[in-house]
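J.: I have a structure here, written as structure tokens, and I will follow up with some questions on it.
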Amino acid sequence: MISFIKKTISGLSKTSSRISNIFSGLSGKSHLEQSELDMLEEALLSADLGWELTENIIESLKSPNKKEISLTERFSNTILEYLQGIAEKKALKKVIVLVGINGAGKTTSAAKLGGYYSKSGETVSFVAADTYRAAAVEQISIWSKKLNLHLTANEYSADPAAVTYDGVSSGISKSHDRIIVDTSGRIHNSPNLMKELEKIYKVIQKLTEEVDVLMTIDANTGQNGIQQAREFLRYIPLSGVILTKMDGTARGGIAVPIMKELDLPVYFMGVGEQVDDWIPFVMEDYINALIQTDKEVISG
Ligand code: GDP
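According to the working numbering, the sequence shown is numbered sequentially starting from 515.
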């Protein structure tokens, strides 16, 4: 598990650099001076943690410390309190459908998810239901060969629901533990495409009730990602979120507003383009990573 903690810290380093710098200069202090609070406020806002939470954190660090609780502990407690009562992560079901807008990182995440489950001993198959983009089918077929995992694709079918039906029923008949469906990117304001997604979901439901849908959101899109998910929710139920490209953004704090505003858990984070650049989301690790640097973990 330590490797996931380290990966979380290095994956979030662009987001955390300013926040952790401020915290590293505060050890031994019981509360923050106004100039430090101003600096921290700016850092939290630019990390995309949102106004409401930023204000809560500032309030909590402003008051003198009565109970000898460290500043970092107060920081974590405030985030945990803010997220209290939101939907909790459940064990994901057999069929996992990845949805999201074009370029969010669905196909890459499908491969990473397959690699992750396969490494933990499960039998996994992919379904290439992104029939609009030949490159996507090719991309997932390359990954499936690399990972030595089964793939259902049909280059002659333009009907993603039909490919999904074939792939999911094939995975079920082969008793695969996990069937991962890569769908094509939707423009969330295109009703026809969204209706098609609804059809894909219904087709799977005819085969099994064991289905979860994960919304893939590019962390760089910030608040827009929340809006995208809301549009998808008008057509299909979402079980949770995959946040991609956390490695390339200084705005990885968006995970918190996403969970709060959508009332959905984040299940995984993508932190690079390779199949192992993948982290199961653990709240405590995520919060620690916001205030810790790589150096501290290596020396600690
Ligand atoms: P899709 O259109 O949603 O299927 O998106 P793709 O999976 O094709 O990804 C779009 C681009 O983002 C590709 O160049 C991927 O290599 C890249 N990408 C996906 N996930 C990550 C990530 O976590 N980090 C980085 N740096 N790049 C990523």
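Even for Gly, the Cβ is constructed at its ideal location relative to N, Cα and C.
#1: Relative to the C-alpha of Val-796, which residue among Ser-639, Ala-625, Phe-782 is closest?
#2: Between Asn-616, Ala-643, Ser-639, which has its C-alpha nearest Ala-672's C-alpha?
#3: Evaluate the contact criterion for the segment 645 to 656 versus the segment 618 to 628: three or more CB pairs, one atom per stretch, below 8 Å.
#4: Examine the ligand GDP and report whether any of its heavy atoms sits within less than 7 Å of the Cβ of Ser-689.
#5: How would you call Ser-813, buried or exposed, if buried means at least 16 neighbouring beta carbons within 10 angstroms?
#6: Roughly how many angstroms lie between the CA atoms of Lys-688 and Gln-719, to the nearest whole one?
#7: Assuming Pro-779 and Ala-601 form a contact by the criterion Cβ under 8 Å, report the distance between their Cβ atoms to the nearest whole angstrom.
#8: When you compare each of Lys-759, Leu-559, Thr-722, Ile-750 to Ile-793 by their alpha carbons, which one comes out closest?
#9: Quick check: the Cα distance between Glu-798 and Asn-668, rounded to an integer number of angstroms?
#10: Can you tell me which of Ser-753, Ala-764, His-664, Gln-788 puts its alpha carbon nearest to the alpha carbon of Ala-605?
#11: Going by beta-carbon coordinates alone, are Leu-757 and Ile-533 separated by less than 8 Å?
#12: Would you mind working out which of Met-708, Ser-639, Ile-686 sits nearest Ala-624, comparing C-alpha positions?
#13: With distances taken Cα to Cα, identify the nearest neighbour of Tyr-646 among Pro-751, Val-785, Glu-710.
#14: At what residues does the alpha helix (DSSP H) containing Ala-743 begin and finish?
#15: With DSSP collapsed to three states, give me the class of Phe-537.
#16: Go ahead and label Ser-538 buried or exposed: buried means 16 or more other beta carbons lie within 10 angstroms of its beta carbon, across all protein chains shown.
#17: Look up Val-785 in the DSSP assignment and say whether it is helix, strand or coil.
#18: Applying the 10 Å Cβ sphere with the 16-neighbour rule, what's the burial state of Ser-517?
#19: I think Val-789 touches Gly-629, with their Cβ atoms under 8 Å apart; what is that distance to the nearest whole Å?
#20: Please go through the same chain and pick out, in chain order, the residues whose beta-carbon is closer than 7 Å to the beta-carbon of Tyr-800, but skip the five residues on each side of it.
#21: Rounding to the nearest angstrom, what Cα-Cα distance links Tyr-708 and Glu-636 in this structure?
#22: Helix, strand or coil: which one does DSSP assign to Ala-643?
#23: Note down the Cα distance separating Phe-746 from Ser-527, rounded to an integer number of angstroms.
#24: For Glu-555, which residues of its own chain have a beta-carbon under 7 Å away from its beta-carbon, when the five flanking residues on both sides are left out?
#25: As a quick exercise: from Ala-764, Ser-544, Glu-787, pick the residue whose alpha carbon is nearest that of Ser-530.
#26: For Leu-526, which three-state DSSP category applies?
#27: What's the C-alpha gap between Val-811 and Pro-705?
#28: Report whether the distance from the Cβ of Ala-650 to the nearest heavy atom of the ligand GDP is below 7 Å.
#29: What are the residues that DSSP puts in a beta bridge with Trp-792?
#30: Leaving out five residues on either side along the sequence, give the residues of the same chain with a beta carbon under 6 Å from the beta carbon of Thr-735.
#31: Quick one: what's got a C-beta closer than 6 Å to Tyr-715's C-beta in the same chain, skipping five residues either side?
#32: May I ask you to check if the CB of Asp-790 is nearer than 7 Å to at least one heavy atom of the ligand GDP?
T.: So, to answer that:
#1: Phe-782
#2: Ala-643
#3: yes
#4: no
#5: Confidence at Ser-813 is low in this model, with a pLDDT of 39, below 50, so the placement of that residue should be treated as unreliable; the coordinate-derived value is given next. By the neighbour-count rule (16 or more Cβ atoms within 10 Å), Ser-813 is not buried but exposed.
#6: 18 Å
#7: 6 Å
#8: Lys-759
#9: 42 Å
#10: Ser-753
#11: no
#12: Ser-639
#13: Glu-710
#14: 737 to 747
#15: helix
#16: exposed
#17: coil
#18: exposed
#19: 4 Å
#20: Thr-522, Ala-769
#21: A small fix is needed here, since residue 708 is Met in this sequence, not Tyr. One C-alpha to the other measures close to 31 Å.
#22: strand
#23: 30 Å
#24: Thr-568, Ile-572
#25: Ala-764
#26: coil
#27: Residue confidence for Val-811 is low, a pLDDT of 48 falling below 50, so the modelled location carries little weight and cannot support an answer.
#28: yes
#29: Gly-784
#30: none
#31: Ile-750
#32: no
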